[in-house]
Amino acid sequence: MTEKSEFDSPLLRTALTQLDRVAERLQLDRDVHERLRHPRRALVVSIPIKMDDGKTEIFTGYRVHHNTVLGPTKGGLRYAPDVSLGEVTALAMLMSWKCALMGLPYGGAKGGVRCQPRRLSRQELENLTRRYTAEIILLIGPDLDIPAPDMGTDEQTMAWIMDTYSMTQGRTVPGVVTGKPLIVGGSAGRREATGRGIVYALYQAARRLGQDLRGKRVVVQGFGNVGAVAARLLWREGCVVAGVGDVRGAIWNPNGLDVRQLEAHVAESGSVSGFADAEPVPAADLLLQPCDILIPAAVGGQLREDNADRVKATIVVEGANGPTTPEADAIFRDRGVTVVPDILANAGGVVVSYFEWVQGLQYYFWRESEITSRLQEVMTRAFNRVWGAASKEGTDLRTAALMEGIRRVAEGYRIRGLYP
Ligand code: GLU
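In this text, residue positions in the sequence shown follow the numbering used here: the first is 10, and each later residue adds one.
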């Protein structure tokens with residue numbers, strides 16, 4: 010794929026730069042490397058929706074399958090105003106490496122609809138989701154491609170997708186999506202899985218660095234399904250959650266926020282802004298506040314050349330996908346900042362999605378304690394493999410994680426060969 014194509018986007022440039030560097034280190038076969046640079050298929054759809062005012066509006070949606078070499082494709086669906094073909098393709102590529110790194114039998118996929126979900130009514134969101142599902146229906150299925158929540162989508166979105174797909178099949182097909190509500194085949198612990206996985210990864214990082222998490226000051230950017238859960242769990246572990254931010258604003262209290270009260274405030278007002286026991290801080294400054302641990306859990310491209318040298322944290326755990334540019338990575342490496350990369354740190358979501366899919370295929374459901382202990386085991390093993398590889402190869406954790414993920418996908422290509 011050339012960078013100057015209809016796929017061009019900042020996140021895809023980042024993903025390709027990472028792939029090219031790792032391909033060189035792995036001395037990947039040129040043909041396999043070239044195949045990894047391209048998505049297997051990408052669908053762009055127009056989604057006409059009847060709005061509440063009676064007018065029809067057209068939205069643009071995407072579903073991209075990066076590769077299918079290790080199994081059906083897996084990845085979230087994002088509703089956001091800046092979604093583009095290139096961004097969705099980059100995110101699908103990251104899903105490929107993430108699934109392979111975690112040992113899941115999936116290729117990578119991602120979907121997106123360019124919209125402002127907060128400005129749409131519930132009825133409009135349902136219309137949008139059902140029509141999007143109808144438009145991509147040939148690309149999804151329990152053994153083909155299994156969507157899940159991502160930014161701007163949730164359990165309700167998955168229920169609508171599952172229902173729309175099931176209606177076309179004349180039977181209920183729970184395995185077509187994960188992250189569903191419990192009552193229609195969701196898994197215990199799926200909602201908390203990404204945040205919980207971040208905490209498990211952080212335990213391991215702290216252990217390896219000889220640090221005690223208790224009393225450490227944490228800043229979390231993003232207070233959605235990922236950031237809020239991570240903040241709550243770390244607060245319960247005795248961390249000082251001093252700063253948090255969301256799309257509407259950021260707040261700071263160096264002595265720590267009461268995360269339970271903050272969650273109540275967010276449930277009532279829709280934002281962390283205006284929380285009584287904190288000072289507002291400009292959104293861009295949140296990442297630069299004095300803290301030990303920084304968890305970017307919002308959009309991509311937040312840690313860049315122009316701010317990475319002013320980040321005070323010594324551990325960055327990537328809750329978001331692609332929050333750090335390659336230039337910022339180099340700065341962190343030089344400064345000795347430990348970055349636990351997205352494909353490892355936030356993989357708890359897709360790991361429990363895998364558990365949900367397996368449970369759905371078997372119509373046999375596990376207890377929450379079983380889910381969390383298996384999640385902890387998978388996260389800990391993956392972390393230790395990555396840490397060990399990074400020490401052995403003398404690389405940072407991102408390079409080591411990408412090397413393992415990419416090597417597995419490449420091995421799949423090599424062993425399956427090229428059709429015809
Ligand atoms: N959207 C999540 C991610 O980026 C979860 C994907 C899934 O569960 O399939 O990893």
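Ideal placement from N, C-alpha and C gives every residue a C-beta, glycine not left out.
Note that the structure is a prediction, hence the values are computed from the model and not measured.
Are residue i and residue j closer than 8 Å when you measure CB to CB?
i: GLY331; j: ALA109; result: no
i: LEU79; j: GLY116; result: yes
i: MET111; j: LYS83; result: no
i: ASP301; j: ARG226; result: yes
i: PRO289; j: ILE260; result: yes
i: GLY328; j: GLY188; result: no
i: VAL308; j: VAL326; result: no
i: VAL253; j: VAL229; result: yes
i: LEU25; j: GLU96; result: no
i: ILE340; j: ASP315; result: no
i: GLU365; j: ARG199; result: yes
i: ALA197; j: GLU377; result: yes
i: GLY219; j: ASP159; result: no
i: PRO156; j: CYS124; result: no
i: ALA202; j: VAL361; result: yes
i: LEU35; j: ARG46; result: no
i: ARG223; j: GLU246; result: yes
i: HIS42; j: ALA51; result: no
i: THR347; j: LEU406; result: yes
i: ARG128; j: ILE56; result: no
i: ALA410; j: LEU353; result: yes
Which residue marks the beginning of the beta strand (DSSP E) containing residue i, and which one marks its end?
i: LEU431; result: No answer is possible for residue 431: the residues shown for the chain start at 10 and end at 429.
i: TYR428; result: TYR428 -> no beta strand (DSSP E), and no H or E assigned at all.
i: GLY39; result: The amino acid occupying residue 39 in the given sequence is Arg; Gly does not appear at that position. It is not in any beta strand (DSSP E) - ARG39 instead sits in the alpha helix (DSSP H) that spans 39-45.
i: ALA251; result: 249-255
i: THR347; result: 347-349
i: ARG226; result: 226-230
Starting from residue i, follow the alpha helix (DSSP H) in both directions and report where the run begins and ends.
i: GLU314; result: Here GLU314 belongs to no alpha helix (DSSP H), and DSSP marks it neither H nor E.
i: GLY358; result: 357-371
i: VAL387; result: 377-402
i: PHE341; result: 335-344
i: PRO183; result: PRO183 -> no alpha helix (DSSP H), and no H or E assigned at all.
i: LEU303; result: Segment 302-305 is the beta strand (DSSP E) holding LEU303; no alpha helix (DSSP H) there.
i: TYR71; result: Run containing TYR71: none in the alpha helix (DSSP H); it sits in the beta strand (DSSP E), 65-74.
i: ALA210; result: 202-217
i: ARG241; result: 236-245
i: VAL275; result: 268-278
i: ARG199; result: Careful: ARG199 lies outside any alpha helix (DSSP H) and carries neither H nor E.
i: LEU137; result: 131-144
Which same chain residues end up closer than 7 Å to residue i when comparing Cβ atoms and leaving out the 5 residues on each side of it in sequence?
i: SER280; result: ASP255, ARG257, GLY258
i: ARG49; result: HIS74, HIS75, ASN76, THR77
i: MET60; result: GLU66, GLU133
i: GLY369; result: PRO183, GLY184, GLY194
i: LEU242; result: GLY204, ARG205, VAL208
Flag residue i as yes when its Cβ comes closer than 7 Å to any non-hydrogen atom of ligand 1, and as no otherwise.
i: ALA157; result: yes
i: THR177; result: no
i: LYS189; result: no
i: ASN234; result: no
i: GLY204; result: no
i: ASN330; result: yes
i: MET104; result: yes
i: SER362; result: yes
i: GLY85; result: yes
i: VAL359; result: yes
i: ASN76; result: no
i: ASN355; result: yes
i: LYS64; result: no
i: LYS107; result: yes
Consult DSSP for residue i and reduce its assignment to one of helix, strand or coil.
i: PRO289; result: strand
i: VAL92; result: coil
i: GLY328; result: coil
i: LEU296; result: coil
i: GLN125; result: coil
i: ILE170; result: helix
i: THR23; result: helix
i: ILE155; result: strand
i: ILE260; result: strand
i: GLY150; result: strand
i: ALA322; result: coil
i: LYS189; result: coil
i: ALA101; result: helix
i: GLY414; result: helix
i: GLY421; result: helix
i: LEU35; result: helix
i: ARG30; result: helix
Whose C-beta lies closer than 8 Å to the C-beta of residue i among residues of the same chain, with five residues either side of it excluded?
i: THR142; result: ILE149, TRP169, ILE170, THR173, TYR174
i: ALA293; result: ASN316
Please work out which residues of its chain come closer than 6 Å, Cβ to Cβ, to residue i, disregarding the five sequence neighbours upstream and downstream, and give them in chain order.
i: THR333; result: LEU312
Using 8 Å as the limit for Cβ to Cβ distance, is residue i near chain C?
i: PRO90; result: The structure shown contains no chain C; it holds only a single protein chain.
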